[in-house]
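Chains as they are written, first to last, in our numbering: chain A, 1 to 115; chain B, 116 to 235.
Below, the structure is given as structure tokens:
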């Protein structure tokens, strides 16, 4: 699985957009970009995933560059409850044999949303 | 999303004893379950992958005789920490993956709330 690089920590003001970058320059064509977050002492929570196109759901937006070597997770209006460690993970499609499917976590970005 | 539970949420035991942690998928069948370990201020480390009815596949450096994994049904996997030592104290998290069919990759994997193990 391709590795990802994320900033160790970021701050964001409450109510503002939080933009979390992720570099995955060695991503291969069949690998997806997944984002999870972990609030202190809880299990990880799925946020969003994408392959090539930008994606949006009720939690966040995912912007993937055209060359797919980096992506940005956007929380449009951060709240104090969004304070967490955010993990960007690259993974093959587990629905396809031999494309892997293990979620391997890097160090993530510790996002602190401040009042 | 689907719900994964873990029991117990917190356990304290003496050195040398064994501890069993249960992971259940509550509203779906999980053909594959994963076990992770997380030390304070660190990321999650994958320990093993288990498929229902077969032996678990352990990641490099994880002792299979110390961390016994059983995945006897499509809704239950157990992790037993045998002869526990203080260095086994950690946050253990399980994850369950929905049975897959053809198609695009999606949100198939769901995490439990974790079990805090403290070995005295």
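Cβ coordinates follow ideal geometry from the N, Cα and C atoms, glycine included.
Contact between the region 25–42 of chain A and the region 77–91 of chain A is present: three or more C-beta pairs spanning the two stretches fall below 8 Å. Counting only runs of 3+ residues, the beta strand (DSSP E) found wholly inside the region 156–185 of chain B occupies 159–166, in chain order.
Residue 46(A) and residue 78(A) have their C-alpha atoms spaced approximately 17 Å apart. Exposed is the label assigned to residue 17(A), since fewer than 16 other Cβ atoms lie within 10 Å of its Cβ. Per DSSP, residue 96(A) lies in no beta strand (DSSP E) segment and is marked neither H nor E.
Residue environment: residue 155(B) is assigned as exposed (fewer than 16 neighbouring CB atoms within 10 Å of its CB, all protein chains considered). Secondary structure at residue 44(A): coil, using DSSP grouped into helix, strand and coil.
In the DSSP assignment, the residues bridged to residue 13(A) are 114(A). Of the candidates 153(B), 202(B), 178(B) and 189(B), 153(B) places its Cα closest to the Cα of residue 104(A). Straight across, the Cα-Cα distance linking residue 136(B) with residue 14(A) is about 38 Å.
As far as DSSP is concerned, residue 81(A) takes part in no beta bridge.
Three or more beta-carbon pairs separated by less than 8 Å link the region 203–214 of chain B to the region 139–153 of chain B, which places the two stretches in contact. Here DSSP, grouped into helix, strand and coil, assigns residue 58(A) to coil. Looking at the DSSP output, residue 208(B) sits in a beta bridge with 151(B). Spatial neighbours of residue 65(A) in its own chain (CB-CB distance under 8 Å, excluding positions within 5 residues in sequence) are listed in chain order as 71. For residue 159(B), the nearest CB of chain A lies under 7 Å from its own CB, placing it at the interface with that chain. One finds nothing in chain B with a Cβ atom closer than 9 Å to the Cβ of residue 6(A); even the nearest lies about 11 Å away.
Contact with chain B is absent for residue 86(A), since none of that chain's Cβ atoms lies less than 7 Å from the residue's Cβ.
In its chain, beyond the 5 residues on either side, 148, 171, 184, 186 and 192 have a beta carbon closer than 6 Å to the beta carbon of residue 165(B). Counting C-beta atoms within 10 angstroms of its own C-beta, residue 29(A) has fewer than 16 neighbours from the protein chains shown and is therefore classed as exposed.
At a C-beta separation below 8 Å, residue 103(A) has these neighbours in chain B: 149, 161, 210 and 224. A direct Cα-Cα distance of roughly 29 Å separates residue 233(B) from residue 189(B). Inter-residue distance for residue 225(B) and residue 92(A) is about 17 Å (C-alpha atoms, whole angstroms). Residues of chain A with a Cβ closer than 7 Å to the Cβ of residue 164(B) are, in chain order, 102. Chain B places no beta carbon closer than 7 Å to that of residue 76(A), leaving this residue out of the contacts.
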